Amino acid sequence: MTSILTNLFDGVAYGMLLFVLACGLAVTLGLMNFVNLAHGAFAMAGGYVCMVLVNRMGWPFFAALPLAFVSSAAIGIALERTLYRHLYARSHLDQVLFTIGLTFMSVAAVDYIQGSSRVFINLPAALQGQFDVFGVGIGRYRLMIIVICGLLTVGLQMVLAKTRFGSRLRAAVDDPRAASGLGINVPQVFAFTFAFGCGLAGLGGALSAEILGLDPYFPLKFMIYFLIVVTVGGSSSITGPFLASLLLGIGDVAGKYYVPKMGPFVIYTMMIVILIWRPNGLFGRTAAR
Amino acid sequence: MFERKQLSHKASSKVTWTTAVAALAGLAGFAPAKAADSVKVGLILPMTGGQASTGKQIENAIKLYMQQNGDTVAGKKIEIILKDDAAIPDKTKTAAQELIVNDKVNFIAGFGVTPAALAAAPLATQAKIPEVVMAAGTSIITERSPYIVRTSFTLAQSSTIIGDWAAKNGIKKVATLTSDYAPGNDALNFFKQHFTAGGGEVVEEVKVPLQNPDFAPFLQRMKDAKPDAIFVFVPAGQGGSFMKQYAERGLDKAGIRVIGPGDVTDDDLLNNMGDAVLGTVTAHIYSAAHPSQLNKDFVAAYKKAFGNRPGFMAVGGYDGIHLIYAALKKTGGDTDGTKLIEAMKGQKWESPRGPISIDPETRDIIQNVYIRKVEKVDGELYNVEFQTFEAVKDPGKTKK
Chain C
8 MTSILTNLFD GVAYGMLLFV LACGLAVTLG LMNFVNLAHG AFAMAGGYVC MVLVNRMGWP
68 FFAALPLAFV SSAAIGIALE RTLYRHLYAR SHLDQVLFTI GLTFMSVAAV DYIQGSSRVF
128 INLPAALQGQ FDVFGVGIGR YRLMIIVICG LLTVGLQMVL AKTRFGSRLR AAVDDPRAAS
188 GLGINVPQVF AFTFAFGCGL AGLGGALSAE ILGLDPYFPL KFMIYFLIVV TVGGSSSITG
248 PFLASLLLGI GDVAGKYYVP KMGPFVIYTM MIVILIWRPN GLFGRTAAR
Chain X
36 MFERKQLSHK ASSKVTWTTA VAALAGLAGF APAKAADSVK VGLILPMTGG QASTGKQIEN
96 AIKLYMQQNG DTVAGKKIEI ILKDDAAIPD KTKTAAQELI VNDKVNFIAG FGVTPAALAA
156 APLATQAKIP EVVMAAGTSI ITERSPYIVR TSFTLAQSST IIGDWAAKNG IKKVATLTSD
216 YAPGNDALNF FKQHFTAGGG EVVEEVKVPL QNPDFAPFLQ RMKDAKPDAI FVFVPAGQGG
276 SFMKQYAERG LDKAGIRVIG PGDVTDDDLL NNMGDAVLGT VTAHIYSAAH PSQLNKDFVA
336 AYKKAFGNRP GFMAVGGYDG IHLIYAALKK TGGDTDGTKL IEAMKGQKWE SPRGPISIDP
396 ETRDIIQNVY IRKVEKVDGE LYNVEFQTFE AVKDPGKTKK
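Heads up: the protein sequence lines correspond to chains C and X, in order.
For my numbering, count along the first sequence from 1 and bump the result up by 7.
For my numbering, count along the second sequence from 1 and bump the result up by 35.
Okay, structure coming up:
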């Protein structure tokens, strides 16, 4: 019984992490209709920024996390203003080719600057190890992930649903022409949204270094996971990818624990089954755009 | 070219002259008199990608050896041509083809991973030139071509020894965690054979995918199986992740030890793993803490030149280039591939890892395997050797 709960806890933490990593992609892909396969590169950037700050410059881990967010967002906004915006009107194939090229460039650049071996972020002692709650092993680091990611999810949902910016964004997405006619600065809204998504990826990258490992191949290794989350969740809302992440995280952990021989196939099997059942994802729009 | 001539006579004549000079210079480079004076070694290593640390270590070690021993042997100048295959077998094959056909190399060497070494095997056989394997560790490699010789190690060498050691040293129940690819399966099978023959029991067996992001669920399974120790083999780069999560889950406090072949505690990464790794017992062929004077000098020279300590991959490269030098000395500079391979068989020398030799029958390396324990020495983590198994042949060769 306790091992079931321990696994459930690990699975939730893993799922939350996947969500923070992938939800920026859900935003660009679903809301802005832009295929950004370089999403993982922004996550990696955040991870490396955090590593350099903590390991080399002696910053405390919690002070480095916001900076991981900010730096990835800054890189995001710079690229959006200079490169990405020229591709909004182009075909999806162009977008895929362009962003996958960016991904390879980021891999080579990080490999050149930092070397290709896996790096770790020095964690404070308070975040290491496990404690027992009625026999259930609770990892301190994983608990922190759940708390941070949980708060983020709630905040994100509030911003999208309740704020002025959220309604502007939804308007800009649904009908850019009408929105700009109403005085909404559509390019600005998009740029801001894109940067925010990149920032989330950067934060996710910093948080995931401990669990997924951080090396220059990060964007390529985890691209598939981001895409699975977005596909399974459907890309028209935040709730979809959130539930999908949790489902996949728990499923992946449980699969590896109970049927280790199946190993990585559990997550793919789940994806296939869900997509057969709901081809547009769990919460996908039924009508085509 | 002709069109250009009509456009501007002056510019085109300049172009023609440059081309002619370049062509002449090129011819001079390929002049037979000069080519005979040099011996070319085509070095194929993963310099980028997940295995890049292997390539870097081997390249460094070869540079160091050539600085220490000069770049001429038996009147021939040794020329190294380095190609990066990123540990992708297709690229290895292309690189080997280019080296053999265009550069006319006399040796191909390096090979970071097993599939890369295997991809080049038929080419070595066809071209009749020696393939010196400096890193890859699956047993079958040397059986794939009569021209392959190995200076690294095989996983069978270390895994059988740690299996015997565990059974004799109070470890009764073991859970295994190995990466699901050829070397991982070699490690698992040879360990299991020897450990169970010694009376031990394998209570849990998990193969993890090679591209595994998270060890948590597998480690939880190990913890619940309550073994005396975990036998672990993951590629060197993942060792750090494994050890961190092992500690996070409290397996060290639950009294579950870690044993295995030495890849998990590679000298290259050991210092970053944290104190949870203390007490890990592994069997392996090389430790930077090996107490011989030769090794102390080797480690000091390597540290001075490259800023970090050498790992077992570096020593594989160092011995590989030594073997090439030794073979050329024996043939008196004759570069006939078959003669070179014959000259390599039975070579014996003192390496930083201890005494080693090349088995004349299998062309594989015979060497000492050491049981080591991770300890803190002068504030740094080291694999400290405490027991030696001498002159271990590869137990993985098929019986003829």
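For every residue, glycine included, the Cβ atom is placed at its ideal position computed from N, Cα and C.
All values reported here derive from a predicted model rather than from experimental measurement.
- In the DSSP annotation of this structure, Ala340 of chain X is not part of any beta strand (DSSP E); the continuous alpha helix (DSSP H) holding it starts and ends at 328-341.
- The segment 169-177 of chain X and the segment 197-214 of chain X do not touch, with fewer than 3 CB-CB distances between them shorter than 8 Å.
- Asp119 of chain X: member of the beta strand (DSSP E) spanning 111-119, first to last residue.
- Residues of chain C with a Cβ closer than 8 Å to the Cβ of Lys279 of chain X are, in chain order, Phe127, Glu217.
- A straight-line Cα-Cα distance of about 13 Å links Asn137 of chain X and Ala162 of chain X.
- Membership of Leu253 of chain C in any beta strand (DSSP E) is not indicated; the residue belongs instead to the alpha helix (DSSP H) covering 246-265.
- In the three-state scheme derived from DSSP, where H, G and I count as helix and E and B as strand, Ile97 of chain X is classed as helix.
- Using a Cβ distance threshold of 9 Å, Ala144 of chain X and Val167 of chain X count as a contacting pair.
- Taking a C-beta distance under 9 Å as the contact criterion, Val196 of chain C and Phe172 of chain C qualify as a contact pair.
- Under the 9 Å criterion on CB atoms, Gly290 of chain X is classed as non-interfacial with respect to chain C.
- Just measuring C-alpha positions, the residue of C:Gly122, C:Tyr148, C:Ile120 sitting nearest Leu130 of chain C is C:Tyr148.
- Taking a contact as a CB-CB distance under 8 Å, the pair Thr211 of chain X and Val243 of chain X does not count as one, their CB atoms being some 10 Å apart.
- In the displayed model, Pro165 of chain X falls within coil according to three-state DSSP, outside both helix and strand.
- Along the segment 232-245 of chain C, none of the residues has a CB nearer than 7 Å to a CB of chain X.
- Ranked by Cα distance from Ile107 of chain C, the options C:Ile231, C:Val154, C:Ile283 are led by C:Ile231.
- Along the segment 383-411 of chain X, none of the residues has a CB nearer than 9 Å to a CB of chain C.
- Near chain X, meaning a CB-to-CB distance below 8 Å, the residues of the segment 89-123 of chain C are Ala115, Asp118, Gly122, Ser123.
- Contact with chain C is absent for Glu94 of chain X, since none of that chain's Cβ atoms lies less than 9 Å from the residue's Cβ.
- Annotated as distal: Ala130 of chain X and Gly147 of chain X, with beta-carbon spacing of 9 Å or more.
- Rounded to whole angstroms, the Cβ separation of Ile93 of chain X and Ala349 of chain X is 7 Å, and the two are in contact under 8 Å.
- Neighbours of Tyr224 of chain C in chain X, taken as residues whose beta carbon is under 8 Å from its own, are Gly84, Gly85 in chain order.
- Close partners of Tyr21 of chain C in chain X (Cβ separation under 8 Å): Asp249, Ala251.
- Residue pairing from DSSP places Ile391 of chain X in a beta bridge opposite X:Trp384, X:Gln402.
- The contact set of Arg344 of chain X on chain C, defined by CB atoms closer than 7 Å, is empty, because the minimum CB distance reaches about 14 Å.
- Nearest in C-alpha terms to Val237 of chain C, of all of C:Pro194, C:Phe201, C:Cys30, C:Val266, is C:Cys30.
- DSSP, read as helix, strand or coil, puts Ala179 of chain C in helix.
- Counting only runs of 4 or more residues that sit fully inside the segment 86-156 of chain C, the alpha helix (DSSP H) segments are 99-121, in chain order.
- Per DSSP, His319 of chain X lies in no alpha helix (DSSP H); the unbroken beta strand (DSSP E) holding it starts and ends at 316-319.
- One alpha carbon belongs to Gly342 of chain X, the other to Gly162 of chain C, and they sit about 47 Å apart.
- Residue-level contact check: Ala71 of chain C does not touch chain X, since none of the beta carbons of chain X fall below 9 Å from its beta carbon.
- In the DSSP assignment, the residues bridged to Gly295 of chain X are X:Thr317.
- Assignment of Arg407 of chain X by DSSP, reduced to helix, strand and coil, places it in the strand class.
- Using a Cβ-Cβ cut-off of 9 Å, Thr13 of chain C counts as an interface residue toward chain X, since at least one Cβ of chain X sits closer than that to its own.
- Cβ contact annotation for Arg92 of chain C (same chain, cutoff 8 Å, sequence separation greater than five): Pro194, Phe197, Ala198, in chain order.
- Selection X:Phe424, X:Val267, X:Ile164, X:Gln246 evaluated against Ile291 of chain X yields X:Val267 as nearest (Cα-Cα).
- In chain order, Val260, Ala261, Tyr264 place their CB closer than 7 Å to the CB of Asn14 of chain C, counting only its own chain and leaving out the 5 sequence neighbours on each side.
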